[in-house]
Amino acid sequence: MSTTLHEQQDLAAARYNDRAAERAETERKQEATGTLVVDDPAQIEARAERLLGDAVGPRAVRQAGRTEGVLERIIAENDLQPSLFLGRGTAIAESVGRISLSDGGAGTGFLVGRRLLLTNNHVLPDLATAKDAFVEFDFELGPDGRPEQPAAFDLDPGTLFLTDAGIDASLVAVAPASGVVAGDRYGWNRLLKQQGKIVIGEAANVIGHPSGRRKEIAVRHNRLLDQLPDFLHYEADTEPGNSGSPVFNDQWEVVALHHSGVPRTNDAGQWLTADGRVWDRSMGDAAVAWVANEGARISVVLARLRALATTPAQVALLDELGAEALVGAAPTEAARTAPEAAGRPGLRGVPETPPHLVFLHGRSQQGRDPAVLRADWAGGLARGLGGVGRAPVNPARVWFPYYGDLLAGLADASATERLVTADGRGTVAEQVAPVGTSARATYAELIEDAAARAGFRPTATAREGIGDLLAGLQPALSWLANRSRLDDVVIAAVFRDVALYLDDDRVRGQVLDTVLATFPTSGPVTLVSHSLGTIVALDLLTRVPPQVDLRLLVTAGSPLGMDTVTKRLLGDGPHRPAVGRWVNAWCPADAVAIGCPLAPTWGGGVEDVQTDNATDRAHAITEYLADLRVASAIADTV
Numbered sequence: 001m002s003t004t005l006h007e008q009q010d011l012a013a014a015r016y017n018d019r020a021a022e023r024a025e026t027e028r029k030q031e032a033t034g035t036l037v038v039d040d041p042a043q044i045e046a047r048a049e050r051l052l053g054d055a056v057g058p059r060a061v062r063q064a065g066r067t068e069g070v071l072e073r074i075i076a077e078n079d080l081q082p083s084l085f086l087g088r089g090t091a092i093a094e095s096v097g098r099i100s101l102s103d104g105g106a107g108t109g110f111l112v113g114r115r116l117l118l119t120n121n122h123v124l125p126d127l128a129t130a131k132d133a134f135v136e137f138d139f140e141l142g143p144d145g146r147p148e149q150p151a152a153f154d155l156d157p158g159t160l161f162l163t164d165a166g167i168d169a170s171l172v173a174v175a176p177a178s179g180v181v182a183g184d185r186y187g188w189n190r191l192l193k194q195q196g197k198i199v200i201g202e203a204a205n206v207i208g209h210p211s212g213r214r215k216e217i218a219v220r221h222n223r224l225l226d227q228l229p230d231f232l233h234y235e236a237d238t239e240p241g242n243s244g245s246p247v248f249n250d251q252w253e254v255v256a257l258h259h260s261g262v263p264r265t266n267d268a269g270q271w272l273t274a275d276g277r278v279w280d281r282s283m284g285d286a287a288v289a290w291v292a293n294e295g296a297r298i299s300v301v302l303a304r305l306r307a308l309a310t311t312p313a314q315v316a317l318l319d320e321l322g323a324e325a326l327v328g329a330a331p332t333e334a335a336r337t338a339p340e341a342a343g344r345p346g347l348r349g350v351p352e353t354p355p356h357l358v359f360l361h362g363r364s365q366q367g368r369d370p371a372v373l374r375a376d377w378a379g380g381l382a383r384g385l386g387g388v389g390r391a392p393v394n395p396a397r398v399w400f401p402y403y404g405d406l407l408a409g410l411a412d413a414s415a416t417e418r419l420v421t422a423d424g425r426g427t428v429a430e431q432v433a434p435v436g437t438s439a440r441a442t443y444a445e446l447i448e449d450a451a452a453r454a455g456f457r458p459t460a461t462a463r464e465g466i467g468d469l470l471a472g473l474q475p476a477l478s479w480l481a482n483r484s485r486l487d488d489v490v491i492a493a494v495f496r497d498v499a500l501y502l503d504d505d506r507v508r509g510q511v512l513d514t515v516l517a518t519f520p521t522s523g524p525v526t527l528v529s530h531s532l533g534t535i536v537a538l539d540l541l542t543r544v545p546p547q548v549d550l551r552l553l554v555t556a557g558s559p560l561g562m563d564t565v566t567k568r569l570l571g572d573g574p575h576r577p578a579v580g581r582w583v584n585a586w587c588p589a590d591a592v593a594i595g596c597p598l599a600p601t602w603g604g605g606v607e608d609v610q611t612d613n614a615t616d617r618a619h620a621i622t623e624y625l626a627d628l629r630v631a632s633a634i635a636d637t638v
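Note that the UniProt record's numbering has the sequence shown beginning at 1, numbered continuously upward.
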């Protein structure tokens, strides 16, 4: 079964008109509460937990939700976006392409796997149409305002073609072009089935090719109006040809598959023009009074398309969508961090030609999508490069070794985030501490070392002996938290994971082996590392092949200035590695970088760059990469 765009617009108008009473009630609540964010309490809590859960934990979100209006205000006040917003959007936009049909028609599609493209049923209604179509990426203007050179990829419906007219969605395989897989070059969007991606009143962002034109973005002045069981209604500037565009939230997660504008109609269901006349086709679409836009909820799209996959080959190909997209309950934290989950691969740079750029992440990345992480880093770097008049780096060309799942799986349960509560047993320092005695000793030494560097002096009743290993540690941890912008739970968790890595040779060895598996084996390399990743980077340099020419090492938010760390490195102490240039970025508000600047410890071969990170993101890699001096150093080598 297939549908035309006009038929889909008629259906959208009927759904919109049926929801008039619900929209009126939403508007009443918005006026009464003074906030645009109004939705079902369960949706509000799910959204707040997605926005805040990493920082405060799910229990704190639930407690805040007991006070009427608190979560709604928190979400609404999330309106000021970090400056990486545009940089990350630019990186995500790489995965959006223009679909060209054999009859001259056009639409939009976007990559949701290495070889999988999602668009509308009314764009690709059947296998024959898809067979004669192709998708172009880079059909857009470059940073200098000049057209980029587009790259065309044929569609491969013989390998996979799934379509559902009811939600107006088609999923099709994309054939490689000149041996290059589309997702390897342009990245793809990781689809998420769980709730909490957007609520009524929040902004929606749309990237597409309106009327077949070069890529355009409708950003932020587009609010979600209503949530239906299968569809979302939102404000946005879209045109014919934009069919099949991804609709994003402000975190650039896909929330819907755009498929249709919603026309204003009279009681007879006839379309109306802006001046109230009955519309006919001779007037053209520009004369229609469009009142909203409609997209299929991405969770519904996933469920419908997954149900259509009937052969083992189809089911296997859908694995590219990722575990978070599969029908059923979202994977538990235990499932995401179990040893068997450690096989999630890193990403190789495409094309694999020098000079190479490598991003090496830090702690607490288990369960994360490496492609999304790489895009985040590239977005932060794009902000800095823009400030010095340099073009952004295509995320696809960046090597991104990934050891997040491995680290969490190799360490015991203490390596995963714990719920630290006020009524828990012991202090935060005690609750977050690793289990093993040796690792606990290293953890305590790290906190004491960092606190001493921050000016902390223990009282005369300081702990004594191994039996009281963690007793009295909380004042040192609280001292660090009070003198930085990081929460004591975050600081403790960072030092716990550093201790686990430094203390266990098995963990260290497997992390290094995993990183080396997705690391260039020759040629000039720029290595950018963050947090725990800076320690991994220094260890890694003792193992890289001799054919690797490390032109630049960037360490950011690093604990490498602490004696507790340097004496446990594989390189045996603070001796400058054999690199062409070493730039160390640190922020005084970042408690993890408390041992910086590094030059006094490592010698004059380190260029320390003191950054002015946003106070609430003092340890964020995106803030470090946005610094103009850091970005310039990277630009000079890549």
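All residues carry an ideal CB built from backbone N, CA and C; glycine is no exception.
Since the model is a prediction, treat every value here as computed from it, not as a measurement.
Go to residue i, then tell me how far its beta strand (DSSP E) extends in each direction, as first and last residue.
| i | result |
| --- | --- |
| I99 | 96-100 |
| S529 | 523-530 |
| Q227 | 224-227 |
| Q474 | No beta strand (DSSP E) holds Q474; the alpha helix (DSSP H) holding it covers 474-482. |
| Y234 | 231-234 |
| P574 | No beta strand (DSSP E) contains P574, which DSSP labels as neither H nor E. |
| G409 | It is not in any beta strand (DSSP E) - G409 instead sits in the alpha helix (DSSP H) that spans 404-410. |
| residue 639 | In the structure as shown, the chain starts at 1 and stops at 638, and residue 639 therefore has no counterpart that could be examined. |
| D608 | 606-610 |
| P216 | Looking at the sequence itself, residue 216 is Glu, so the reference to Pro does not match. From DSSP, the beta strand (DSSP E) with E216 extends over 216-218. |
Which value, in whole angstroms, describes the spacing of the CA atoms of residue i and residue j?
| i | j | result |
| --- | --- | --- |
| R214 | F139 | 5 angstroms |
| L502 | W602 | 19 angstroms |
| G105 | G244 | 13 angstroms |
| A256 | F248 | 7 angstroms |
| R62 | Q431 | Because R62 carries a pLDDT of 40, less than 50, the predicted location of this residue cannot be relied on, and no value is offered for it. |
| V420 | S478 | Residue placement at V420 is poorly supported in this model, since its pLDDT is 44, which falls under 50; the coordinates are not used for a value here. |
| V630 | V609 | 8 angstroms |
| E7 | F153 | 29 angstroms |
| R28 | E22 | 10 angstroms |
| P176 | L360 | 28 angstroms |
| K567 | T442 | 12 angstroms |
| T611 | S632 | 14 angstroms |
| E148 | S178 | 19 angstroms |
Could you check where the alpha helix (DSSP H) with residue i kicks off and where it finishes?
| i | result |
| --- | --- |
| I594 | Neither: I594 is in no alpha helix (DSSP H) and is coded neither H nor E. |
| L304 | The amino acid at residue 304 is misidentified as Leu; the sequence shows Arg. Where R304 is concerned, the enclosing alpha helix (DSSP H) stretches over 298-308. |
| N17 | 5-18 |
| W377 | 370-387 |
| V565 | 563-566 |
| Q314 | 312-318 |
| E445 | 437-453 |
| T622 | 621-626 |
| V511 | 505-517 |
Judging by CA-CA distance, which residue of the options is the nearest neighbour of residue i?
| i | options | result |
| --- | --- | --- |
| R88 | P577, D250, W399, V288 | D250 |
| A133 | A152, Q366, S102 | S102 |
| L232 | V536, Q149, L550, A204 | A204 |
| A313 | A618, F161, L117, T542 | F161 |
| G261 | Q9, A493, D168, F400 | Q9 |
| P345 | F400, R383, V301, D275 | F400 |
| H122 | G109, G362, A91, V174 | G109 |
| D285 | C587, E607, L5, G571 | L5 |
| L305 | E216, L191, A396 | L191 |
| A585 | L500, R368, G436, L625 | L625 |
| P597 | Y402, A620, G557 | G557 |
| T427 | V350, Q270, L473 | L473 |
| L141 | E235, E448, E216, A593 | E216 |
| R114 | A371, F495, D449, S522 | A371 |
Cβ atoms of residue j and residue i: under 8 angstroms apart, would you say?
| i | j | result |
| --- | --- | --- |
| A24 | T265 | no |
| A591 | T615 | no |
| W582 | L553 | yes |
| L480 | A451 | yes |
| N189 | S95 | yes |
| L532 | G362 | yes |
| G379 | L628 | no |
| L117 | V172 | yes |
| R297 | D230 | yes |
| I92 | L381 | no |
| residue 640 | W377 | This structure cannot settle anything about residue 640, because the visible part of the chain is limited to 1 through 638. |
Minimum length 4: unbroken alpha helix (DSSP H) runs contained in the stretch 117-179 = Runs found: 127-131.
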